[in-house]
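Below: one structure, written as structure tokens.
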Amino acid sequence: MIKGVIFDMYETLITLHQSPLYFGTQMAIDADISEEEFQSLWKPREYDITVGKITLEEILEFILKEKRCYSEKLFNKIVEKRKISKKECFKYLHPEIIPMLNELKKREICIGLISNCFSEEVEAMKNSELFPYFDATYLSFEQGLQKPEKEMFFRCIDKLSVSADECIYVGDGGSLELETDF
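Residue numbers (this note's numbering): 10 to 191.
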């Protein structure tokens with residue numbers, strides 16, 4: 010019998026592609042540097058950004074200073090645009106998401122969330138209308154590890170007080186988590 014459902018956030022409960030994108034390409038354009046230059050500094054640090062060792066502000070300050078284009082005005086502009094873009098994603102919920110979460114609650118099925126995310130995404134998630142539905146949330150930025158690491162799943166099912174056999178995971182597999190045996 011299923012007693013718990015654990016969801017991924019991005020491309021499962023919400024999509025990044027219904028609202029205006031503000032990824033590395035767009036940040037590089039605003040910084041007036043090439044995407045390749047931007048990504049050459051971002052990509053090697055992406056794991057640390059995902060597991061909470063580096064915040065959005067820290068990586069952007071580093072990149073802008075490294076490329077000699079830092080100004081407080083530019084820095085603040087990029088940070089603000091990134092945060093706004095992440096909040097915007099939650100305005101485009103598929104109309105069946107909230108009724109589905111309500112139905113799970115009605116059936117007394119525990120709901121968990123496991124998501125790989127950056128600092129600015131944690132804030133957007135916690136302020137979203139979805140967040141109160143979760144009985145357990147395990148966000149990579151806060152946990153210090155990321156999917157597909159099994160420990161993320163073990164922590165979540167433990168918090169939900171269910172066994173792995175009583176729980177299902179719903180995600181898009183973008184972090185290779187569908188191959189995780191937990």
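Cβ coordinates follow ideal geometry from the N, Cα and C atoms, glycine included.
* Asked: Who are the Cβ neighbours of Leu-25 in its own chain at under 7 Å, not counting the five residues just before and after it?
  -> Within the sequence shown, residue 25 is the residue found at index 16, counting from 1. Closer than 7 Å at Cβ, skipping near neighbours: Tyr-19 and Cys-98.
* To do: Starting from the N-terminal side, write out each stretch of the beta strand (DSSP E) that is 3 residues or longer and does not extend beyond the region 95-167.
  => The region 95-167 contains these whole beta strand (DSSP E) runs: 119-124 and 145-148.
* Count the other CB atoms within 10 Å of the CB of Tyr-101; is the residue buried (16 or more) or exposed (fewer)? -> Along the sequence shown, one-based indexing puts residue 101 at 92. Per the 10 Å Cβ criterion, exposed.
* **Buried versus exposed call for Val-131 [16 or more other C-beta atoms within 10 Å across all chains shown]** => To locate residue 131, count along the sequence shown from 1; it is residue 122. Here Val-131 is buried. Its C-beta has 16 or more other C-beta atoms within 10 Å.
* Note down, in chain order, each residue of its chain lying with its Cβ closer than 7 Å to the Cβ of Ile-106, except the 5 sequence neighbours on either side. => Working through the sequence shown from its first residue, we reach residue 106 at position 97. These residues qualify, in order along the chain: Leu-22.
* Decide yes or no for the touch test of the region 117-130 against the region 58-75: beta carbon pairs closer than 8 Å, at least 3 of them. => Output reads yes: the region 58-75 touches the region 117-130.
* Could you say which of Pro-104, Phe-47 and Pro-157 lies nearest to Met-36 if we only look at CA atoms? => The residue given as residue 36 occupies position 27 in the sequence shown. It is Phe-47.
* Asked: Which of helix, strand or coil does DSSP assign to Phe-16?
  -> The residue labelled residue 16 in the question sits at position 7 within the sequence shown. Annotated three-state conformation of Phe-16 is strand, per DSSP.
* To do: Drop a sphere of 10 angstroms on the beta-carbon of Thr-146, count the other beta-carbons inside from all chains shown, and report buried for 16 or more, exposed for fewer.
  => Position 137 of the sequence shown, counting from 1, holds the residue named residue 146. By the beta-carbon neighbour count (other beta carbons within 10 angstroms, threshold 16), Thr-146 is buried.
* What residue from Arg-91, Cys-78 and Ala-173 has the CA that sits closest to Gly-121's CA? -> Walking along the sequence shown from the start, residue 121 turns up at place 112. Of the candidates Arg-91, Cys-78 and Ala-173, the one whose C-alpha sits nearest the C-alpha of Gly-121 is Ala-173.
* Asked: Using the beta-carbon count (16 or more within 10 Å), is Leu-30 buried or exposed?
  -> In the sequence shown, the residue the question calls residue 30 occupies position 21. Exposed is the call here.
* Compute the beta-carbon to beta-carbon distance between Ser-28 and Ser-94, rounded to the nearest angstrom, for a pair I have assumed lies under 8 Å. => Position 19 of the sequence shown, counted from the start, is the residue given in the question as residue 28. Position 85 of the sequence shown, counted from the start, is the residue given in the question as residue 94. Indeed, because the Cβ distance is near 7 Å, the residues count as touching under 8 Å.
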